[in-house]
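Residue numbers (the numbering used here): 95 to 753.
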């Protein structure tokens with residue numbers, strides 16, 4: 095059977111679909127005979143074709159009545175061709191310009207044409223030659239139609255492409271039925287498979303509106319959070335959503351049906367649609383419609399069902415407890431400053447009330463001053479008579495050993511004690527001279543001549559002994575850093591302590607035995623006598639105690655936390671006994687930081703005064719520096735009240751050598 099006959103039969107049935115690849119759309123090639131696999135043909139005799147499309151036929155030998163092999167013969171051998179092949183395939187496809195070379199039987203093929211019926215690039219589908227690459231009814235193969243239902247369809251490159259119009263979708267991805275699904279339903283709301291939540295928990299009926307899942311709420315419920323996931327989640331009988339979403343019942347009210355109602359329990363009352371406590375309500379005090387008015391300078395309040403004063407306006411107070419005049423008292427006066435009946439008063443001071451606080455604006459009398467800066471004590475100092483604030487705060491009338499110095503009419507006026515005189519005429523340093531010394535024996539300027547000494551106000555034959563003073567290079571030793579040193583009198587004022595003398599020492603012609611107790615004072619001196627003294631100042635010489643004084647910087651001092659350090663250095667007979675005032679300060683100036691020391695040298699019984707640091711003297715301070723004999727009648731003096739200018743500085747050192 096010829097190939098075109100098979101194609102014609104297939105096209106007539108219309109039952110097969112052909113993708114583009116199933117068709118041979120290339121150039122024709124010569125026929126290739128194949129061998130039938132079946133038995134004898136069952137069809138009618140061949141019918142000669144009208145027109146061959148190829149080259150001239152080549153005569154065959156003869157037709158054979160029945161096939162003997164599995165394939166058809168290349169040349170007919172009998173008078174007639176096979177009636178019908180019984181094999182699975184007929185002749186091989188035509189590839190050349192012509193079919194059989196020549197038929198030998200009485201008739202040839204029965205088809206209208208021996209070659210392919212459609213031009214190159216097209217295929218025969220349902221009797222029509224179509225282009226399967228762009229034909230909507232046969233896209234890619236026969237019978238595969240692109241459906242444009244609810245959209246638009248094109249066949250491009252043998253593939254259907256469908257574009258759905260708004261509201262429709264191709265949910266099964268089959269272009270043959272177009273956009274088969276209409277959106278906007280609860281199973282396909284916004285897109286294919288977009289299913290709206292459903293179920294009794296929604297408290298309503300699900301729906302898809304404008305491509306959004308919504309719930310039509312059942313009576314008594316509302317979608318108050320605008321979420322499709324939980325439907326109508328809010329009961330509209332709750333105080334937070336009473337009758338509709340967002341309608342909140344006021345405090346004290348409940349939701350009944352779709353309305354907020356007041357529910358009051360005794361002793362509360364329902365007044366103007368609200369539940370109120372008539373014991374405390376300023377608008378309904380003691381009963382509905384009984385408002386409390388605002389008293390003068392106040393806000394009214396209801397207490398125990400009775401109107402009264404709630405709060406006073408700023409700067410006012412109810413000091414008399416009367417409702418009629420409200421908060422009648424201003425709290426910015428010196429009689430009611432900041433609170434009722436708080437009076438402002440300062441001793442000897444002028445009081446005022448500022449911003450509800452008492453302040454002192456000055457002193458009520460010229461001679462009084464506020465010297466401690468504490469308003470509570472007022473102007474506490476009478477500068478006419480106060481010896482520590484004489485004429486002004488901080489001006490001290492310093493009393494000396496030889497005098498007392500009262501403050502009279504705001505000025506310091508020294509008064510000499512018996513046996514002392516103001517020999518320099520200077521009131522500031524008091525009665526600076528003892529009248530029992532060789533320079534002023536019984537009176538100012540009465541000098542005992544050589545070989546005499548003053549005793550009882552008269553010059554008598556003198557005991558031998560004196561000292562020669564020389565200047566040394568500094569020999570300062572940090573006694574506190576010496577191993578085994580002793581620390582005495584830390585953070586003390588105006589006191590002393592007895593310590594043993596470590597070796598025998600000759601002082602002013604007399605020997606002080608080893609082990610004798612000597613006095614070390616906080617005020618910068620030692621005395622070679624067994625009496626504890628802490629005098630804050632003294633004269634040299636002076637028969638009054640203390641005697642036998644060695645003064646490094648004798649004035650009113652305050653020791654540091656380190657105190658006074660003592661130590662013994664060297665070996666006999668060349669030992670040194672050191673007394674070191676470490677970081678000491680003036681009593682009137684605690685920021686001063688001074689260090690100095692006294693050294694008693696065993697060899698030669700010499701005495702050294704050594705200065706590492708000194709500080710400027712506060713007003714009224716006059717240091718005493720030098721030696722005094724054991725009787726107090728003789729002295730070797732560098733600085734004293736009689737010589738108030740003391741030119742000693744840091745790094746100085748002096749040695750006193752017995753003469």
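Even glycine gets a Cβ: it sits at the ideal position worked out from N, Cα and C.
Measure the Cβ-Cβ separation of residue 732 and residue 719 and say whether it is below 8 Å. The residue given as residue 732 occupies position 638 in the chain shown. The residue given as residue 719 occupies position 625 in the chain shown. Inclusion of residue 732 and residue 719 in the CB contact set at 8 Å is warranted, their separation being smaller than that value.
Buried or exposed by the 16-neighbour rule on C-beta atoms within 10 Å, applied to residue 739: The residue you call residue 739 lines up with position 645 of the chain shown. Result: exposed.
Nearest candidate by alpha-carbon position, reference residue 470, set 318, 438, 501 and 478: Walking along the chain shown from the start, residue 470 turns up at place 376. For residue 470, the nearest C-alpha among the options comes from 438.
Just mark residue 403 as buried or exposed, buried being the case when its beta carbon has 16 or more other beta carbons within 10 Å. In the chain shown, residue 403 corresponds to position 309, counting from 1. Classification for residue 403: buried.
Rounded to the nearest angstrom, how far is the Cβ of residue 318 from that of residue 339, given a contact under 8 Å? The residue given as residue 318 occupies position 224 in the chain shown. The residue given as residue 339 occupies position 245 in the chain shown. The pair is a contact, with the Cβ atoms about 4 Å apart (cut-off 8 Å).
In terms of residues, what are the limits of the beta strand (DSSP E) holding residue 451? The residue you call residue 451 lines up with position 357 of the chain shown. Counting along the chain, the beta strand (DSSP E) containing residue 451 begins and ends at 451–457.
Cβ atoms of residue 645 and residue 618: under 8 Å apart, would you say? Within the chain shown, residue 618 is the residue found at index 524, counting from 1. Within the chain shown, residue 645 is the residue found at index 551, counting from 1. In this structure, residue 618 lies near residue 645, with their beta-carbon atoms less than 8 Å apart.
Assuming residue 506 contacts residue 521 (C-beta within less than 8 Å), just tell me the rounded distance between them. Walking along the chain shown from the start, residue 506 turns up at place 412. Walking along the chain shown from the start, residue 521 turns up at place 427. Contact between residue 506 and residue 521 holds, with the beta-carbon distance rounding to 7 Å and staying under 8 Å.
Check this for me: beta carbons of residue 464 and residue 452, under 8 Å apart or not? Counted from its first residue, the chain shown places residue 464 at position 370. Counted from its first residue, the chain shown places residue 452 at position 358. A distance of 8 Å or more separates the beta carbons of residue 464 and residue 452.
For residue 306, is the classification buried or exposed, using 16 other Cβ atoms within 10 angstroms of its Cβ as the cut-off for buried? Within the chain shown, numbered from 1, the residue matching residue 306 stands at position 212. When all chains shown are included, residue 306 counts as exposed.
Excluding five sequence neighbours on each side, which residues of the same chain lie with their C-beta closer than 6 Å to the C-beta of residue 680? To locate residue 680, count along the chain shown from 1; it is residue 586. Within the same chain, residue 680 has close Cβ partners 686 and 712.
Hey, out of 242, 483, 549 and 457, whose CA is closest to residue 513's CA? As a first step, residue 513 must be located in the chain shown, where it is residue number 419. Nearest of 242, 483, 549 and 457 to residue 513, Cα basis: 549.
Which class does residue 424 belong to by DSSP, given the choice of helix, strand or coil? Within the chain shown, numbered from 1, the residue matching residue 424 stands at position 330. Residue 424 sits in a strand when the DSSP states are folded into three classes.
How long is the line joining the alpha carbons of residue 266 and residue 238, rounded to whole angstroms? Taking the first residue of the chain shown as 1, we reach residue 266 at position 172. Taking the first residue of the chain shown as 1, we reach residue 238 at position 144. Each residue's Cα considered, the two are about 16 Å apart.
Indicate whether the contact test is met: 3 or more Cβ pairs, each with one atom in the segment 570–582 and one in the segment 671–679, closer than 8 Å. Look at the beta carbons and you see the segment 570–582 touching the segment 671–679: at least three pairs across the two are nearer than 8 Å.
For residue 252 and residue 223, I'd like the C-alpha separation in whole angstroms. Stepping through the chain shown from its first residue, residue 252 is reached at position 158. Stepping through the chain shown from its first residue, residue 223 is reached at position 129. Between residue 252 and residue 223, the C-alpha separation is close to 15 Å.
If we count the other Cβ atoms within 10 Å of its Cβ and call it buried at 16 or more, is residue 523 buried or exposed? By 1-based counting over the chain shown, the position of residue 523 is 429. Classification for residue 523: buried.
Beta-bridge pairing of residue 83 - partner residues as DSSP gives them: The shown model of the chain, from 95 to 753, leaves out residue 83, and the question about it has no answer.
Could you check whether residue 620 and residue 626 sit closer than 8 Å to each other, using their CB atoms as the reference points? On the chain shown, position 532 is the one that residue 626 refers to. On the chain shown, position 526 is the one that residue 620 refers to. Contact: no.
Under the three-state reduction of DSSP, which class applies to residue 218: helix, strand or coil? Taking the chain shown and counting its residues from 1, one reaches residue 218 at position 124. Strand.
Given a threshold of 16 other Cβ atoms within 10 Å of its Cβ, counted over all protein chains shown, does residue 115 qualify as buried or as exposed? The count along the chain shown starts at 1 and reaches residue 115 at position 21. Bear in mind that the predicted position of residue 115 carries a pLDDT of just 39, short of 50, making it unreliable; the figure below should be weighed with that in mind. So residue 115 ends up on the exposed side.
How would you write the range of the beta strand (DSSP E) that residue 238 sits in, first residue to last? As a working mapping, residue 238 is identified with position 144 in the chain shown. Premise fails: residue 238 is in no beta strand (DSSP E) and is neither H nor E.
Considering just the uninterrupted stretch of the beta strand (DSSP E) at residue 611, what are its terminal residues? The count along the chain shown starts at 1 and reaches residue 611 at position 517. Residue 611 -> beta strand (DSSP E) spans 611–615.
Where does residue 697 land, buried or exposed, given buried means 16+ other C-beta within 10 angstroms? Reading the chain shown from its first residue, position 603 is the one you call residue 697. When all chains shown are included, residue 697 counts as exposed.
Note down, one range per segment and in chain order, each beta strand (DSSP E) of at least 3 residues found wholly within the segment 537–616. List check, beta strand (DSSP E) in window: 546–549, 552–555, 561–565, 580–582, 590–594, 599–601, 604–606 and 611–615.
Proximity below 8 Å, CB of residue 412 to CB of residue 421: As a first step, residue 412 must be located in the chain shown, where it is residue number 318. As a first step, residue 421 must be located in the chain shown, where it is residue number 327. Yes. Within cutoff.
Simplified DSSP assignment, three categories, for residue 294: Sequence index remark: in the chain shown, residue 294 carries index 200 (1-based). Shown here, residue 294 sits in a helix according to DSSP, grouped into three states.
Start-to-end residues for the beta strand (DSSP E) that takes in residue 658: Looking up residue 658 in the chain shown gives position 564. First-last of the beta strand (DSSP E) with residue 658: 658–663.
Would you report the Cα separation of residue 145 and residue 211, rounded to the nearest angstrom? One-based indexing of the chain shown puts residue 145 at position 51. One-based indexing of the chain shown puts residue 211 at position 117. Low confidence applies here, because residue 145 scores a pLDDT of 34, under 50, leaving its location unreliable; read the following figure in that light. Our two residues, residue 145 and residue 211, have alpha carbons roughly 13 Å apart in a direct line.
Give the straight-line distance between the Cα atoms of residue 748 and residue 563, rounded to the nearest whole angstrom. Here the question's residue 748 lines up with position 654 in the chain shown. Here the question's residue 563 lines up with position 469 in the chain shown. A straight line joining the alpha-carbon of residue 748 with that of residue 563 spans about 7 Å.
Cutting at 8 Å between CB atoms, please list the residues of its own chain near residue 352, excluding the five before and the five after it. In the chain shown, the residue the question calls residue 352 occupies position 258. Residues 330, 331, 336, 337 and 338 of the same chain have their beta carbon placed closer than 8 Å to that of residue 352, with the five preceding and five following residues left out of the count.
Residue closest to residue 385, alpha-carbon to alpha-carbon, out of 391, 375 and 392: Counted from its first residue, the chain shown places residue 385 at position 291. When each option's Cα is compared against that of residue 385, the closest is 375.
Complete runs of the beta strand (DSSP E) confined to the segment 357–417 [at least 3 residues]: Fully enclosed beta strand (DSSP E) runs of 3 or longer: 363–365, 368–370, 392–397 and 400–406.
Going by other Cβ atoms of all chains shown within 10 Å of its Cβ, with 16 needed for buried, is residue 308 buried or exposed? For the purposes of this step, residue 308 is identified with residue 214 of the chain shown, where counting begins at 1. Around the beta-carbon of residue 308, 16 or more other beta-carbon atoms lie within 10 Å, marking it buried.
Same chain only: Cβ atoms within 7 Å of residue 216, ignoring 5 sequence neighbours per side: On the chain shown, position 122 is the one that residue 216 refers to. Shown here for residue 216: same chain residues with a beta carbon closer than 7 Å to its own, the five before and five after excluded, namely 223, 224 and 225 in chain order.
Status (buried if at least 16 other CB within 10 Å, exposed otherwise) for residue 623: By 1-based counting over the chain shown, the position of residue 623 is 529. Taking all protein chains shown into account, residue 623 has 16 or more neighbouring C-beta atoms within 10 Å of its C-beta and is therefore buried.
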